[in-house]
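A.B. asks:
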Amino acid sequence: MLMHVIHMEHDVFKANDKIAEKNRKKLDKHQVFSVNVMGAIGSGKTTLIEEAVKYLKEKYRIAVIAGDVIAEMDASRFRKLGIPTIPVNTGKECHLDAKLIEKALNEIDLENTDLLIIENVGNLICPVDFKLGEHLRVVIVSVTEGDDIILKHPMIFKTSELAIINKVDVANAVDVNSEKMREDILTLNPNVPVILTSKHDWESLETWISFLELGLKKAQKDKIY
Amino acid sequence: MHELSIACEILEQVTNTAAAHGAVKVKHVTLQMGRLSHTNAEQLSFCFKAIAEETIAEDADFIVEMVPPSLECECGYTGAVDESQIRENSELKSELLAYIAAMDCPICGKSAQITGGRELIIKSIEIETKDDN
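Quick note, the sequences are listed as chains A and B, same order.
Mapping the first sequence onto my numbering, position 11 (from 1) lands on 11, and the numbers just tick up by one.
Converting from the second sequence to my numbering requires adding 225 to each position, the first position being numbered 1.
(1) Roughly how many angstroms lie between the CA atoms of residue 277 of chain B and residue 299 of chain B, to the nearest whole one?
(2) Nearest-angstrom Cα distance between residue 140 of chain A and residue 206 of chain A?
(3) Assuming contact is defined by CB atoms lying nearer than 7 Å, are residue 219 of chain A and residue 192 of chain A in contact in what I supplied?
(4) Three Cβ pairs or more, each shorter than 8 Å: is that satisfied between the stretch 99 to 118 of chain A and the stretch 18 to 35 of chain A?
(5) Could you tell me whether the Cβ of residue 3 of chain A comes closer than 7 Å to any Cβ of chain B?
(6) Where DSSP assigns a beta bridge to residue 68 of chain A, which residues make up the other side?
(7) For residue 237 of chain B, would you say it is in contact with chain A, using Cβ-to-Cβ distances shorter than 7 Å as the test?
(8) Evaluate residue 190 of chain A with the Cβ neighbour count: other Cβ atoms within 10 Å of its Cβ, from every protein chain shown; 16 or more gives buried, anything less gives exposed.
(9) If you reduce the DSSP assignment to three classes, tell me which class residue 104 of chain A lands in.
(10) Listing by chain order, which chain A residues have their CB less than 7 Å from the CB of residue 345 of chain B?
(11) Determine, using beta carbons only, whether residue 91 of chain A and residue 20 of chain A come nearer to each other than 7 Å.
(12) Mind listing the chain A neighbours of residue 355 of chain B? Cutoff is C-beta to C-beta under 9 Å, in chain order.
(13) Is it the case that the Cβ atoms of residue 350 of chain B and residue 239 of chain B are separated by a distance below 7 Å?
(14) Establish whether the CB of residue 153 of chain A and some CB of chain B are separated by less than 7 Å.
(15) Looking at the secondary structure, which residues open and close the beta strand (DSSP E) in which residue 137 of chain A lies?
(16) I need the DSSP call for residue 317 of chain B, collapsed to helix, strand or coil.
(17) What's the C-alpha gap between residue 315 of chain B and residue 282 of chain B?
(18) So which residues of chain B does residue 125 of chain A contact, with C-beta pairs closer than 7 Å?
(19) Just the C-alpha distance for residue 180 of chain A and residue 270 of chain B, rounded to the nearest angstrom, thanks.
(20) Looking at chain B, which residues of the stretch 178 to 200 of chain A have a Cβ within less than 9 Å of any of its Cβ atoms?
(21) Count the C-beta pairs between the stretch 140 to 157 of chain A and the stretch 35 to 45 of chain A that are closer than 8 Å, then say yes if the count reaches three, no if not.
(22) Check the Cβ of residue 7 of chain A against every Cβ in chain E and list those closer than 8 Å, keeping chain order.
(23) Measuring straight from C-alpha to C-alpha, what distance separates residue 15 of chain A and residue 102 of chain A?
(24) Who are residue 303 of chain B's beta bridge partners in DSSP?
(25) By the 10 Å Cβ neighbour count, where 16 or more other Cβ atoms means buried, how is residue 343 of chain B classified, buried or exposed?
(26) Does residue 129 of chain A have its Cβ less than 7 Å from a Cβ in chain B?
(27) For residue 274 of chain B, report the span of its alpha helix (DSSP H) as first-last.
(28) Hey, how far is the Cα of residue 287 of chain B from the Cα of residue 96 of chain A?
(29) Quick check: residue 259 of chain B and residue 354 of chain B, are their CB atoms within less than 7 Å of each other?
(30) In the stretch 83 to 97 of chain A, which residues sit with their C-beta less than 8 Å from some C-beta in chain B, listed in chain order?
(31) Residue 252 of chain B touches chain A at which residues, Cβ-Cβ below 9 Å?
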């Protein structure tokens with residue numbers, strides 16, 4: 001018997017990153033601005049996406065990829081708004097990965113899409129390590145998760161490009177200081193924009209929606225036609 | 226918990242590489258795991274051993290080397306985080322949080338970019354081949 005050492009240097013996450021890069025190139029080619037919406041279970045991801053879709057669908061062609069462990073509850077909510085929706089069931093997995101998005105992209109008419117919103121599986125941990133090929137990474141938490149939720153999940157706030165604290169209208173009822181949550185996010189990631197939202201406060205929703213629209217416009221302007 | 230699917234990916238890479246080199250057995254699998262990655266070394270090792278049963282990797286030692294975060298700052302600094310800053314923050318119970326609290330550039334104090342510490346690399350394997358191979 002002979003022994004050998006073989007140097008592999010194979011990065012498991014890089015393998016995902018490579019597929020994510022391919023997804024990104026494909027989206028760029030078709031001039032699609034894509035957003036990865038991550039967040040806790042019940043933080044209001046689906047609702048905030050719905051509100052954005054309702055407002056933006058007259059101006060832009062929107063598609064949604066709805067990630068869920070099982071079932072298609074979220075997907076059917078988006079379908080009701082009359083936009084192309086691809087449900088992705090991860091089965092046992094706690095996050096979407098680039099391979100699942102690669103497959104879902106084949107089912108979308110990218111040539112006739114301006115904005116692709118990807119709703120990740122409700123989880124503040126696992127989605128962090130898996131890039132999808134998105135242009136914008138958004139994390140949503142709500143006050144009902146408690147104001148220590150940010151520091152318990154530092155990496156997702158450190159690596160996101162927009163952070164939303166939702167359901168601020170009930171902050172007092174659940175004894176939470178939403179300003180402390182904002183400060184915690186800025187401690188972890190000083191340059192990230194933070195938006196405080198409530199479903200019942202249109203102005204706050206408008207801030208979130210205009211942020212999306214700004215990214216969308218910028219992406220379209222940057223394209224070389 | 227996504228250690229099982231990661232373990233599946235590792236086993237596939239390891240057994241493919243081992244087979245390509247004519248291995249009859251895999252003796253060691255050495256990984257490098259970034260301290261900022263959301264992967265648990267013990268769970269990963271457990272999952273790997275469970276799925277490696279009845280493969281050439283079933284008796285392999287599963288070694289995980291932890292990789293500390295590294296930084297890049299606009300002031301030009303590239304390198305490790307300031308370990309003394311981590312110790313100053315020792316009241317922080319979570320190691321991950323302690324590292325993130327230390328993500329400021331040790332030279333100029335600005336918030337720096339993370340360039341390493343999030344990886345999960347199959348570094349090397351040690352295999353056994355037949356004499357005549």
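Ideal Cβ positions, reconstructed from N, Cα and C, are used throughout, including at glycine.
Source: prediction; values computed, not measured.
C.D. replies: Once the coordinates are examined:
(1) Residue 277 of chain B and residue 299 of chain B have their alpha carbons spaced roughly 45 Å apart.
(2) Those two C-alpha atoms are separated by around 16 Å.
(3) no
(4) Touching, yes, given that three or more Cβ pairs across the two stretches are closer than 8 Å.
(5) yes
(6) A:89
(7) no
(8) exposed
(9) helix
(10) Neighbours of residue 345 of chain B on chain A, chain order: 11, 12 and 13.
(11) no
(12) 1 and 2
(13) yes
(14) Chain B contact via Cβ: absent.
(15) 136 to 142
(16) Because residue 317 of chain B carries a pLDDT of 49, less than 50, the predicted location of this residue cannot be relied on, and no value is offered for it.
(17) Interpretation of residue 315 of chain B is limited by its pLDDT of 49, a score under 50 that renders its predicted location unreliable; the figure taken from the coordinates is listed afterwards. In a straight line, the C-alpha of residue 315 of chain B is about 40 Å away from that of residue 282 of chain B.
(18) 263
(19) 38 Å
(20) Within the stretch 178 to 200 of chain A, the residues whose Cβ lies closer than 9 Å to any Cβ of chain B are, in chain order, 187, 188, 189, 190 and 191.
(21) Per the Cβ contact rule, the stretch 140 to 157 of chain A is in contact with the stretch 35 to 45 of chain A (3 or more Cβ pairs under 8 Å).
(22) Absent from the structure: chain E. Protein chains present are A and B.
(23) 13 Å
(24) DSSP, once it has assigned bridges, lists B:297 as partnering residue 303 of chain B.
(25) With a 10 Å radius around the Cβ and a threshold of 16 neighbouring Cβ atoms, residue 343 of chain B comes out buried.
(26) Chain B has a Cβ within less than 7 Å of the Cβ of residue 129 of chain A.
(27) Element bounds for residue 274 of chain B: 266 to 276.
(28) 27 Å
(29) No.
(30) 92, 93, 94 and 95
(31) 3
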